[in-house]
Each structure stands twice: as structure tokens, then as C-alpha cells.
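Taken in order, the sequence shown gives residues 3 to 654; the numbers are from the numbering used here. Note sheet for the following structure.
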Amino acid sequence: MKYLVYSLFWLFSCELVTAQDTTAASAQETIESILAGSTDEQDLRELGEELEYLQQHPINITKPNYNDLMKLPFVSPMLAEAIVLYTDTVLVTSFEQLFEITLMTAKIYKQLLPFITLERNDSQSMQSYLQPKRIESRTRYERRLQLPRGYTTNVYRGDIASTYQRVRIGNDNVELAGLFEKDAGELYNDGFIAGYLAVQDLNIVRRAIIGQFTITSGQGLLFAKNIATSKGSNTVGQILKRGALLSPSVSTDEFRYFQGVAALVDIHQFSLMGFYSDRLLPATVDDAGNVTSFYSSGTYRTINDVKRKKALQEEVIGGVLRYAISPVSSISFTVVNADYNKPISPAIFKLESGQSSTAGSLSWNLPFSRIEFFGEIASNQGNAFSKILGAIIPLSRGVALSYHHRSYTKGFVSPFARPFGEREIISDGEVGNYVGMEFQAGSLDINSYVDMFTLPSTNNEFAVVGREVFVQGVYTAGKNVELLLHVRNKEKNASFIQAFDDVRIQTNYRIACTIQATRLFTFTQRLEIVSVSYKPSGYSEKGFLTFIEGKFRHKSSGVNVKSRIVFFQTDSYDSRLYQYESDVAGNFSNPPMYGKGIRWYFIAAYELFSKFNLSIKYSETKRLFDTVIGSGNDEIIGNLDNYIALQLDFRI
């Protein structure tokens with residue numbers, strides 16, 4: 003009954019507020035609006051950093067590249083093709099001209115603006131080619147204000163502060179970047195260092211990198227960035243793997259990257275990318291010298307953590323040959339070989355002789371009669387084939403369908419794979435079929451998908467059969483009010499949780515209202531209810547989360563303020579709820595809310611002299627009936643957990 007009362011309260015309060023004006027979202031707000039479409043425990047860090055990099059390196063919309071446009075998660079293949087065809091025949095001198103493109107909508111236009119530019123990159127002399135045109139620096143300090151047990155008992159070797167420093171220097175053709183990050187509890191000597199020197203658009207060399215980089219090829223069966231594969235509100239486009247074939251990287255992900263040299267060259271319709279990577283990985287090694295697990299958290303707080311650091315050498319060589327049939331269609335061949343200096347446990351990967359893996363793939367993007375066909379077939383030296391087959395079908399300007407079939411053979415190994423699916427490690431096997439739909443008509447936008455999957459048994463769990471259904475409706479009432487309603491239902495047998503033959507059923511109901519009350523103020527209200535049940539055992543849980551958020555943005559003074567208060571109550575961690583929340587720029591969080599408590603945070607940012615931006619975040623979580631928070635070395639005595647972050651950004 004109380005959930006019904008909350009629902010009526012939200013709907014009623016939305017009707018009470020009168021919207022009067024609107025303002026364009028900033029780049030940070032646009033990035034946050036994309037990330038807010040997450041529905042569960044997705045790791046948003048990699049996607050957030052990718053979007054921030056694209057915002058800092060905008061696409062020249064006067065002559066855009068199809069593959070560059072496809073890096074943006076909200077751009078469909080059909081829209082990317084339409085933009086390329088339009089700019090091939092029309093001289094673009096203003097952003098407003100993009101509304102002449104058939105598939106362009108006001109929502110996509112607003113999302114696109116932070117990632118595009120009208121500036122041309124004309125030919126330069128060698129002196130100007132090497133001359134820096136921009137310098138970017140980011141310094142961040144953050145810490146918990148409560149001391150977990152690991153610090154009071156000196157188990158954690160370093161102090162509680164986390165520090166971050168990143169610098170980029172360069173121009174449109176040459177860029178030098180470096181990063182240093184020390185996590186909370188680490189000594190400075192154990193901090194993470196990353197960097198690269200990248201050159202691009204030098205004769206036939208589209209890009210060359212020395213240092214750290216990432217690779218995305220095909221649909222992710224061999225290479226892909228660590229962008230979460232969970233399903234969200236982008237129901238048609240999320241099945242398509244996105245990202246640059248070769249990208250420099252100073253990500254804070256301390257595990258998933260390559261380190262060495264790489265180059266991408268274009269010769270007529272062919273593109274050839276080759277790379278060599280040699281690095282030391284963190285891992286757990288048993289007394290016999292076998293690797294029993296990888297250590298991917300990136301934190302080295304205890305003596306045992308430090309023992310895992312640089313425990314395994316990984317040497318990788320590979321390449322991609324892409325043939326562009328047209329600016330929007332291509333076929334690619336990819337090959338990779340990875341060697342390790344210690345045997346890898348079969349529980350992780352079943353490698354050839356325990357220390358080597360070779361894989362190859364054929365992938366394609368082939369539009370035909372306005373339908374985008376895509377896919378990838380991969381194998382280990384002709385064995386253990388895995389495949390992806392998909393299509394995106396625009397039925398009209400406002401209606402589109404998508405289909406994705408995945409068949410990941412158990413035993414297929416690619417340590418760098420990250421395709422769309424239910425499991426993160428595809429070597430455990432997976433078969434699934436996904437259908438997505440998007441419908442737009444005036445002020446109404448409806449997105450939905452159905453995903454049915456089967457996961458073979460592994461050493462840690464039984465075979466799983468599951469189904470997931472998602473429906474979301476967004477209605478724009480006038481210019482300044484947006485209403486959202488979504489329902490997500492997921493069923494899969496989870497015999498290792500409650501009973502041997504139980505099926506776990508989770509249903510989430512979310513309702514939200516966003517109001518642009520004035521030119522300066524925006525308010526958001528949300529209620530989410532979760533129901534978790536197990537059949538046939540009959541065990542069940544429930545929970546709810548509700549929040550109110552206010553934003554103040556004064557463009558002329560450079561002042562931005564946000565604040566949110568969250569009330570949550572769930573029966574246990576199993577019925578937890580997630581809420582993406584704002585942070586200082588470049589920080590991304592999607593914390594789980596469980597138990598009973600209140601969370602609130604405050605963020606303020608001020609632009610100094612148009613070159614400096616100072617921002618601060620303070621957050622506080624209070625669990626009402628707990629006497630301790632966390633467990634083990636992360637245990638905090640009491641029911642209060644608070645946190646502060648300070649950041650200074652500099653850009654010229």
C-alpha cells in the first residue's frame with residue numbers, strides 16, 4: 003500500500019510544478035544523461051571516460067567519418083549513414099542544418115552537440131604539426147571521512163586518500179598524455195601510471211601509438227573495450243559493438259588495456275592495423291606456479307595485494323585488415339596471439355598448452371535496402387567457433403527494430419573479448435536471441451526488448467536458462483516536463499542461491515519526472531520498486547528507492563550546483579537497487595542501495611577565468627538500523643559513511 007501512496011505522490015507533485023523555460027545541457031550533463039540509462043550494476047567508468055574523450059576530441063561535422071559517428075552510443079547506423087550522405091552533398095556551416103537530415107530528432111541533436119565541431123583540420127607545416135594547441139590537466143583528491151578497520155589496524159599500507167592526476171598536451175594530430183592514480187589504502191609507490199604518444203592523419207598513417215591503447219574490432223569476439231555489456235534503455239542500438247579500431251588510453255582501468263606499439267594505416271579502400279603489447283599482469287599464483295585467478299580490481303592495499311602485482315607476463319601480437327566496400331559498409335579480418343609465461347588454470351581459460359591462445363575472426367557491417375546487417379564469426383585455429391548475427395531494421399522515421407543472435411561456444415578463448423551478452427567471460431559459453439524495438443511519435447518515445455538466453459554449466463554454477471523483458475516509455479509534456487515509466491522483468495534459474503531447482507524472478511518498476519522549472523533550475527523525482535521471488539520455494543523480497551534532485555546552472559557566472567536526497571529500503575542485498583548519480587567530472591558511480599537508510603550528496607562547480615574549473619562533492623549515507631557498515635577490513639563502526647572529493651580542471 004505504501005508503494006502506491008509513493009507513486010501517487012510523485013505523479014501529483016509533477017502536476018503541481020509549472021515549467022517556464024529551458025536551457026541546453028552542458029557536455030557533462032549530456033554524458034550523465036546517457037549513463038543514467040543504465041539499469042543495474044554496470045561498470046560505467048569505461049563508457050564515461052570514452053564519452054569524455056570524444057567530447058574533448060569532437061568530430062568535424064563538415065566531413066564526418068562514418069566510423070567516428072558510430073562511436074557515439076545514441077547514433078544509429080542509419081543516422082550515421084544519413085549524416086555522411088548529407089555532408090557529402092551539402093556544405094555545413096551551422097549545426098542547425100543537421101535538422102535537414104531525415105532521421106535527425108531534437109533529442110539526438112541535443113545529445114550530438116557536445117561531440118561535434120565545425121572547425122576544419124587543414125593541412126599544416128611540420129612546425130605547426132608539432133606545435134601544441136591545447137593543454138588539459140585534471141587533479142583530484144577524494145577520501146572517506148570514516149576510517150574502515152583496515153586503516154585502524156594498519157592492514158592497509160597507505161593512507162585513506164585517493165589521488166588522481168592526468169595531463170594531455172597536443173593538437174589535432176599529435177598528443178602526449180600521462181596519468182597517475184593512487185587508490186585509497188595504497189602507498190604512492192603502488193600507484194598506477196599510464197601514458198601514450200599518439201600521432202594521427204600523417205599521410206597514409208591514420209593513427210600510431212606508443213604506450214597504452216585499446217582495440218575494438220567487429221562485434222567484440224576478439225577485441226573490445228571494457229564497456230559494460232548489460233542491457234539498458236538504448237534498446238535498438240545497444241547490441242552493436244562500438245568504439246574506435248585503435249584508441250590511445252589513459253583510463254583508470256588498471257587491467258584491461260594493451261601496452262606497446264600500434265599503427266593504423268589507410269591505403270585506398272583498405273585499412274591495416276597491427277600491434278605488439280608486452281606487459282605484466284596482476285594475478286594469483288599457487289605454489290606450483292600456476293595462475294589460479296586474475297586480479298582486476300586495481301587496488302594494492304595489503305601485502306597480499308602487492309604480491310599479486312606484476313605476477314604474470316602477457317605478450318600479445320595481432321592485427322586487423324578492413325576492406326571498405328563503401329563509406330558505410332566493410333568486411334574485416336582479425337587475428338590475435340597471446341602468450342603467458344606461466345600456465346593458466348583451465349578454470350579461467352583453457353589455453354593451448356596452458357600458456358598460449360590464438361584466435362581469428364571475420365566480421366562485417368553491410369547495409370542493404372536500409373537494413374544494417376552485422377556480425378562476426380571467430381574460432382581458435384579452426385576449433386570452437388563462436389558467432390554473432392544481427393540486423394537493425396528501420397521501419398519508418400519513428401520505428402526501428404533490432405535482432406541479435408549470439409552463440410558463444412564453451413571453450414572458445416579470447417582473453418580480450420567483450421561482446422554483447424549475459425556473461426562477462428564468454429569462454430563459459432552462451433546462446434541467446436535478442437529483439438529490440440523503438441517507437442517515436444511526437445512527444446512519446448517507447449523502447450522495449452526481449453532477450454532469451456541459455457548459459458551452460460561451469461565449475462561454479464549450474465546451467466542457466468533465462469529471459470529478460472524491458473519496456474520504457476518517455477513522454478515530453480511541453481518543452482520542459484519529461485515523464486518516464488519503465489518495467490523490467492528478469493527470470494533465470496539460480497539453483498545455487500535458494501534451492502536446487504529455484505527460478506529467480508526480479509521485476510523493477512520505475513517512474514520519474516523531470517521538470518525544467520526555470521531557465522536556471524531543474525528538478526528530478528524518481529520512485530523505483532523492486533520485487534524478487536523464487537519459485538517453487540516461495541521465498542520473496544521487496545524494496546523501494548525514491549529520490550528528489552535539484553540542479554542550478556548559471557552559464558554566465560560559471561556556477562553549477564546539484565543536490566540529491568535518496569530514501570531506500572530493501573529486505574537484503576539480493577533486492578538491492580541502483581541509481582546512477584552525478585559526480586565531479588570524470589568520476590562515475592552507480593552505487594547499490596540496500597537495507598534501510600538515507601543518502602544525500604551535494605556537488606558544486608565553478609568556472610574560473612574560463613580556463614579553470616573547480617568542483618567539489620560531498621556525499622553521506624546513513625543506514626538507520628545498522629551498527630556497522632561493510633565487513634572485514636572495509637568495516638566501519640557506526641551507521642554513517644561519508645565521502646568528499648575535490649577536483650581542479652585546467653584547459654587552454
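Glycine is no exception: its CB is placed at the ideal position from the N, C-alpha and C atoms.
**Message:** To the nearest angstrom, how far is the alpha carbon of Y297 from that of A290?
**Reply:** 18 Å
**Message:** Can you look up P116 in the DSSP assignment and give me helix, strand or coil?
**Reply:** helix
**Request:** For S359, I'd like the list of residues in its chain whose CB is within less than 6 Å of its CB, leaving aside the five on either flank, ordered along the chain.
**Result:** A340, L353 and V415
**Request:** Report the residue from M80, L46 and E121 whose alpha carbon sits nearest the alpha carbon of L397.
**Result:** M80
**Prompt:** Hey, G117 and Q57: beta-carbon distance below 8 Å or not?
**Reply:** It is worth fixing the name first, because residue 117 is Phe in this sequence and not Gly. Yes, they are a contact pair.
**Prompt:** Out of G187, R303 and N173, which has the shortest C-alpha to C-alpha gap to R146?
**Reply:** Restricting attention to G187, R303 and N173, the CA atom closest to the CA of R146 is found in G187.
**Request:** Leaving aside the five residues before and after V77 along the sequence, list all residues of the same chain whose C-beta is less than 6 Å from its C-beta, in chain order.
**Result:** Spatial neighbours of V77 in its own chain (CB-CB distance under 6 Å, excluding positions within 5 residues in sequence) are listed in chain order as L71.
**Request:** From the DSSP output, in three-state form, read off S35 for me.
**Result:** helix
**Message:** Just verifying my parser: in three-state terms, what is the DSSP assignment at G400?
**Reply:** coil
**Contact check, S621 vs Y603, beta carbons under 8 Å** = yes
**Message:** For a quick check, are the C-beta atoms of G438 and L487 less than 8 Å apart?
**Reply:** no
**Q571 versus A443 - alpha carbon distance** = 37 Å
**Asked** Count the other CB atoms within 10 Å of the CB of D307; is the residue buried (16 or more) or exposed (fewer)?
**Response** buried
**S57: first and last residue of the uninterrupted alpha helix (DSSP H) it sits in** = Reading off the sequence shown, one finds Gln at residue 57, where the question assumed Ser. Note, Q57: alpha helix (DSSP H), R47 to Q58.
**Asked** Apart from the five residues just before and just after L650, which ones in its own chain have a Cβ nearer than 6 Å to its Cβ?
**Response** Result list for L650: T141 and L616, in chain order.
**Where A210 sits in the DSSP three-state scheme** = strand
**Prompt:** What's the C-alpha gap between K494 and M454?
**Reply:** 10 Å
**Message:** For I394 and E374, which I take to be in contact (beta-carbon distance under 8 Å), what is that distance rounded to the nearest angstrom?
**Reply:** 4 Å
**Request:** Scan the segment 131-212 and note each continuous beta strand (DSSP E) run of 3 residues or more that stays entirely inside, going in chain order.
**Result:** 136-146, 164-172, 176-184 and 194-204
**Message:** Taking the beta carbon of E102 as the centre, do at least 16 other beta carbons fall within 10 Å, making it buried, or is it exposed?
**Reply:** exposed
**Prompt:** For G377, which option in N635, L242, A606 and V169 has the closest C-alpha, if you only look at C-alpha atoms?
**Reply:** L242
**Request:** Could you pull the start and end residues of the beta strand (DSSP E) that K624 belongs to?
**Result:** F614 to R625
**Request:** Could you give the DSSP three-state label for E83: helix, strand or coil?
**Result:** helix
**Asked** What span of residues does the beta strand (DSSP E) with N306 cover, start to end?
**Response** From DSSP, N306 is part of no beta strand (DSSP E) but of the alpha helix (DSSP H) over I305 to R310.
**Message:** Less than 6 Å between C-beta atoms, sequence neighbours within five positions excluded: which residues of the same chain meet that for D23?
**Reply:** Any reading at D23 must be qualified, since the residue scores a pLDDT of 35, below 50, and its modelled position is unreliable; the value itself is stated next. T520 and R521, listed in sequence order.
**Prompt:** In its own chain, which residues sit with a C-beta less than 6 Å from the C-beta of V586, not counting the 5 before and 5 after it?
**Reply:** S617, K619, A647 and Q649
**Request:** Please report the residue range of the alpha helix (DSSP H) in which N641 lies.
**Result:** No alpha helix (DSSP H) holds N641; DSSP gives it neither H nor E.
**Prompt:** Can you tell me whether DSSP reads G540 as helix, strand or coil?
**Reply:** coil
**Asked** For S450 versus V473, is the C-beta spacing smaller than 8 Å?
**Response** yes
**Asked** What separation, rounded to the nearest whole angstrom, lies between the Cα atoms of G431 and S388?
**Response** 9 Å
**Item:** Proximal residues to G640 (C-beta, below 8 Å), its chain only, five neighbours per side dropped
**Value:** Q148, T629, V630 and I631
**Request:** Under 6 Å Cβ to Cβ from T25, same chain only, skipping five residues before and after it: list those, please.
**Result:** With a pLDDT of only 35 at T25, under 50, the local geometry of the prediction cannot be trusted, and the value read off the model is given with reservation. The answer, listed in chain order, is R521.
**Message:** Using only the alpha-carbon positions, how far apart do Q271 and A179 sit?
**Reply:** 31 Å
**Prompt:** Leaving out five residues before and five after G245 in sequence, what residues of the same chain have Cβ atoms less than 8 Å from its Cβ?
**Reply:** E52, K73, T216, T218, A226, K227 and I229
**Prompt:** Taking just the CA atoms, how far does N156 sit from T286?
**Reply:** 23 Å
**Request:** Starting from S381, follow its DSSP beta bridges and name the residues at the other end.
**Result:** G362
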